[in-house]
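Visitor:
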Amino acid sequence: MDISESVEAILSDKRVMCDLFYKRFLEKHPEARQYFADVDMTKQANFLTIALAIIEDHYEHEYQATEHYLKVLGTRHRNWGIPVELYAPFRDCLLATMAEFHGDEWTEELAGQWRKAIEKATETMLEGYSQTYIY
Ligand code: HEM
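To convert, take the position in the sequence shown, counting from 1, and add 1; that gives my numbering.
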């Protein structure tokens with residue numbers, strides 16, 4: 002399985018991998034709970050699922066539209082007060098949840114592709130911290 006087959010499996014599964022991710026992330030990082038106090042977590046899991054498709058597209062193709070989307074997303078996170086230090090735990094927990102979701106189909110190679118894709122997306126989002134991007 003490669004990263005594009007992985008994103009297809011995540012998008013087409015009824016279990017919503019991202020629901021499981023937020024559960025794990027907030028259990029492991031109670032310091033992050035304050036930011037989600039007024040957030041509808043069902044919607045949030047759907048937003049993140051779609052963002053994973055964008056992250057995969059940005060990793061494979063570096064489209065201008067995906068780059069701009071991620072910069073705007075970064076500016077929005079800055080405005081919500083999300084600390085930069087939470088991005089690494091967020092990435093690690095996302096990788097661990099993906100591994101759990103894919104089971105036997107999870108490989109070192111797939112883990113490496115997702116790690117690079119998430120890191121690239123994070124770098125782009127953080128550009129939206131130092132400069133303001135809007136839709
Ligand atoms: C690769 C990293 C990340 C991605 C791709 C991502 C993705 C998203 C997306 C797509 C949304 C919905 C955006 C919108 O409504 O316009 C969102 C909202 C949010 N994210 Fe992230 N996120 C990331 C990192 C983080 C981190 C590290 C935190 C730390 C706690 C975080 C906390 C939040 C919160 C609290 C909201 C909702 C804010 C609100 O609606 O009031 N995110 N994120």
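A virtual CB, placed ideally from N, CA and C, is assigned to each residue, including glycine.
Report back the beta-carbon spacing between residue 122 and residue 71 to the nearest angstrom; my notes put them in contact at under 8 angstroms.
Guide: Against the sequence shown, residue 122 aligns to sequence position 121. Against the sequence shown, residue 71 aligns to sequence position 70. Indeed they touch by this definition, with Cβ atoms about 6 angstroms apart.
Visitor: Roughly how many angstroms separate the alpha carbons of residue 35 and residue 82, rounded to a whole number?
Guide: Numbered from 1 along the sequence shown, position 34 holds the residue referred to as residue 35. Numbered from 1 along the sequence shown, position 81 holds the residue referred to as residue 82. Rounded to whole angstroms, residue 35 to residue 82 spans 11 angstroms at the Cα level.
Visitor: Taking 6 angstroms as the limit between beta carbons, can you name the residues of its chain near residue 134, skipping five residues before and five after?
Guide: In the sequence shown, counting from the first residue as 1, residue 134 sits at position 133. Contacts found: 72, 73 and 76.
Visitor: Considering only residues of the same chain and omitting the five flanking positions on each side of residue 91, which have a CB-CB separation below 7 angstroms?
Guide: Within the sequence shown, the letter at position 90 stands for residue 91. Answer for residue 91: 26, listed in chain order.
Visitor: So what's residue 17 in DSSP terms, helix, strand or just coil?
Guide: Within the sequence shown, residue 17 is the residue found at index 16, counting from 1. Coil at residue 17, not helix or strand.
Visitor: Here's the rule: buried if 16 or more other CB atoms are within 10 angstroms of the residue's CB, otherwise exposed. What is residue 114?
Guide: What you label residue 114 is simply residue 113 of the sequence shown in a count that begins at 1. Buried, since its Cβ has 16 or more Cβ neighbours within 10 Å.
Visitor: Would a C-beta distance cut-off of 8 angstroms place residue 1 and residue 95 closer than the cut-off?
Guide: The structure shown has nothing for residue 1, since the chain only spans 2 to 136.
Visitor: Between the C-alpha atoms of residue 85 and residue 68, what's the straight-line distance to the nearest angstrom?
Guide: Translated into the one-based positions of the sequence shown, residue 85 becomes position 84. Translated into the one-based positions of the sequence shown, residue 68 becomes position 67. For residue 85 and residue 68, the distance between alpha carbons rounds to 19 angstroms.
Visitor: So, using beta-carbon positions, are residue 18 and residue 78 closer together than 8 angstroms?
Guide: In the sequence shown, the residue the question calls residue 18 occupies position 17. In the sequence shown, the residue the question calls residue 78 occupies position 77. Result no, Cβ atoms of residue 18 and residue 78 do not sit closer than 8 angstroms.
Visitor: Which runs of the alpha helix (DSSP H), 4 residues or longer, sit entirely within the segment 50-90?
Guide: Listed in chain order, the complete alpha helix (DSSP H) runs (minimum 4 residues) inside the segment 50-90 are 65-80.
Visitor: Does DSSP put residue 8 in a helix, a strand or coil?
Guide: Residue mapping note: residue 8 aligns to position 7 of the sequence shown, counting from 1. Here residue 8 sits in helix by DSSP.
Visitor: Does at least one heavy atom of ligand 1 sit under 7 angstroms from the Cβ of residue 22?
Guide: Along the sequence shown, one-based indexing puts residue 22 at 21. No; taking the cut-off as 7 angstroms, the Cβ of residue 22 has no heavy atom of ligand 1 nearer than that.
Visitor: Is it right to say residue 30 is buried, meaning 16 or more other beta carbons lie within 10 angstroms of its own, or is it exposed?
Guide: Translated into positions along the sequence shown, residue 30 becomes position 29. It is exposed - the Cβ of residue 30 has fewer than 16 other Cβ atoms within 10 Å.
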